[in-house]
Amino acid sequence: MIRKQIRHNGNHDNTQLVSEETPGKSSPLVLWIDDDLSLLMLADRALNKSGFECVTALSGSEAIGLLDRIKPDIILLDVEMADMDGIETCRHLRNHANCLHTPILMVTGHDDLGSINQAYNAGATDILVKPINWKLLVYRIQYLLQTSHAVDVLSINKSRLRNAHKMIRDTKVLL
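Per this note's numbering, the sequence shown starts with residue 69, numbered consecutively.
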């Protein structure tokens, strides 16, 4: 599985994807999308220290291109980016098969109601206002991952229940 995007000399056009499969290890995979390379480097370090694998992208279009090769457990997405802003990127992510139900945490420097509404309407799961409190961010990510897992389990159980009801109906017809 693709785990890490390596950047050489800060040039986002010169990237290399590295396979880092570790048997028995299943660290949550975070995709962080931001056009600020220094923030991405800080994020990578902070999240790795907290037990997460981190893949970074410098633009929305770069991130969308990565989604055919990775399935992130959570996405952190900056609202303001030059190439494709975070709102538009979020809409594209929500339409991608690998991200239909993936939690998306939008990161913004604005806390006005209009920006917040735009983010939620585009499909954001939650919003984090800068400056980033790295310790709080880890808890927020863990909570969003737990919630996402609970929703997945609920969906599986609902499907099993529907199948059980169908089997009961089919059995009654046979009797």
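For each residue, glycine too, the CB sits at the ideal point set by N, CA and C.
- For T157 against G128, the beta-carbon gap comes to about 3 Å, under 8 Å, which counts as contact.
- The region 192-211 and the region 163-180 touch, with three or more beta-carbon pairs separated by less than 8 Å.
- Out of I132, K226, L168 and H164, the CA that lies nearest to the CA of D151 is found in I132.
- Secondary structure in the region 174-198: the alpha helix (DSSP H) runs of 4 residues or longer, each lying completely within the stretch, are 181-190 in chain order.
- Judged by DSSP in its simplified three-state form, I132 adopts helix.
- Proximity to D136 across A125, N116, H164 and M109 peaks at H164, based on C-alpha coordinates.
- The C-beta of G182 has fewer than 16 other C-beta atoms within 10 Å across all chains shown, which makes the residue exposed.
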